[in-house]
Amino acid sequence: MLPDTLPVRWLLAALAGSGLLCTSAQALEREELQRQLAAPAQLQGSFEQRHWLEDQQSRLHSDGRFLYQRERLLVWRFISPREATLAFPKRLPGPRDEVEEEGLPDRELLDELLPGRAEFSRHLVDLLGGNWAALEEDYVITLAGESDDWQARFSPRAPPLETQLGELLLSGDASGWQQMEIQGANGDELQVVFSSVSPMVDESLSDFLGQWLRVDSDATEEDAEEQEASEDDDGTVMAEELDPEEIDEED
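Structural data, given as structure tokens:
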């Protein structure tokens, strides 16, 4: 009896480890995890970024603070290697969208602070907020671990040579996400470690966050409002830089 059952157990263990065995418990875990990530309305905290650039065979380090408004916006405030602010709204142009040249993001800034991650930034708000249904068109999603030590892997559906999307790995515990990793098809790697994450936003930064929450579906109207708010703004962008002095003046 025992010899006959061992191969079956080994097969089930192998299928579970490879993600090929999908049980109702796994499906419930994903729903529970998504509800957990969707709970706080807004978050703040610190981050550390570590890049490996395969072509250049070099490593880049950066760190700073972040503000996150669920379903709306992620604000990345870099402290090093230099002070800069990037804002990633939820509605961003996709790879197949037609975008006017003047509406493109500041590629130089993105390449410096988030090298090779322009396409990835399109998914940031949904990824961190647990709105994973919005990512299923581009990614296959698999879960591993327990509720207090979990990993969510997002693997591009298209072959590596046909996509600019890298494999995403979001991990955390019962309190929320703790780390995010990206492995690009070209060998580039990005690791972001979050710390001091809190559901409360500092009052001194609430005005700054508030100005970015006025997201309008009308791109033309949004362009006009942003141009009035900042002299350096180029219109509808994938990521925008703000001068820290402008933030202080608004506070």
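Counting with mature numbering (1 follows the signal peptide of the UniProt record, and there is no 0), you get residues -27 to -1, 1 to 224 for the letters of the sequence shown. Where is the CB? At the ideal position from N, CA and C, for every residue including glycine.
With distances taken from CA atoms, which of the options is nearest residue i?
i	options	result
S128	L101, W25, G157, G102	G157
P54	Q22, E27, A12	Q22
L47	Q9, L101, D28	L101
I114	G149, S94, L142	L142
R8	L26, E56, W105	W105
A11	S148, E162, Q152, Q164	S148
E5	G103, Q151, S19, R126	G103
G18	I52, R32, E27	I52
Rounded to a whole number of angstroms, what is the C-alpha to C-alpha distance between residue i and residue j?
i	j	result
L138	K63	17 Å
A60	E154	20 Å
A197	E119	The predicted model places A197 with a pLDDT of 43, which falls under 50 and marks its position as unreliable, so this point remains unresolved.
E44	G160	31 Å
S171	E2	24 Å
G76	Q124	Confidence is the limiting factor: at G76 the pLDDT is only 35, short of 50, which leaves the residue's position unreliable, though a coordinate-based value still follows. Roughly 36 Å between the two C-alpha positions.
D111	H96	10 Å
S169	S144	16 Å
R38	V166	11 Å
L99	L40	In the sequence as presented, Leu is not what sits at residue 99; that position holds Asp. Rounded to whole angstroms, D99 to L40 spans 15 Å at the Cα level.
R130	A107	14 Å
Q152	Q164	7 Å
Q42	F20	16 Å
D122	E27	30 Å
E162	D146	23 Å
R126	W150	13 Å
R32	E140	19 Å
In the DSSP assignment, what are the bridge partners of residue i?
i	result
D122	E119
R38	S19, R50
W25	R32, E162
V113	S128
S171	Q17
Label residue i either buried or exposed according to how many other C-beta atoms from any shown protein chain fall within 10 Å of its C-beta, with 16 as the threshold for buried.
i	result
H34	exposed
Q30	exposed
R50	buried
A14	exposed
A57	buried
I'd like the span of the alpha helix (DSSP H) that includes residue i, first residue to last.
i	result
Q7	-4 to 10
L97	97 to 102
Between which two residues does the beta strand (DSSP E) harbouring residue i extend?
i	result
S144	140 to 146
W150	149 to 156
A106	Per DSSP, A106 belongs to no beta strand (DSSP E) and is neither H nor E.
P62	57 to 62
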